[in-house]
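Notes for the one structure printed next.
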Ligand SMILES: [Zn+2]
């Protein structure tokens, strides 16, 4: 893989809690544990060992990431800060806190970074 665009936003995603009991067995097969951290820019989030986040939660996270990339404010859709929102995996147990940081890099579409 050769990532050729330095993204405008980076994401940190932390497992903030469970809605059901103290473990994910029989709810989410990915095995997230409270405190686990995942990071990404545009690709799917991975932890420090390179293991991917629950793929099902990307159904929820991707539109939120696009809202930020489009200049939006997550408080308008229930976030607790402009760039931070809690989401629950569709498996119904794992609560994730996702937070974006602006990197200062140019916007992919408006930045003209690849014009020569
Ligand atoms: Zn899951």
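In the numbering used here, the protein residues as written are 5 to 120. By construction, the Cβ of each residue, glycine as well, lies at the ideal position given by its N, Cα and C atoms.
List the endpoints of the continuous beta strand (DSSP E) containing residue i.
i	result
residue 72	From DSSP, residue 72 is part of no beta strand (DSSP E) but of the alpha helix (DSSP H) over 62 to 73.
residue 42	41 to 44
State the beta-bridge partners of residue i as determined by DSSP.
i	result
residue 100	19, 91
residue 105	14
residue 56	50
residue 85	88
Counting C-beta neighbours from all protein chains within 10 Å, is the total for residue i 16 or more, i.e. buried, or is it exposed?
i	result
residue 104	buried
residue 68	buried
residue 12	buried
residue 8	exposed
residue 75	exposed
residue 81	exposed
residue 26	exposed
Ligand 1 site residues, beta-carbon cut 6 Å against heavy atoms:
32, 34, 58, 60, 61, 93, 95, 98
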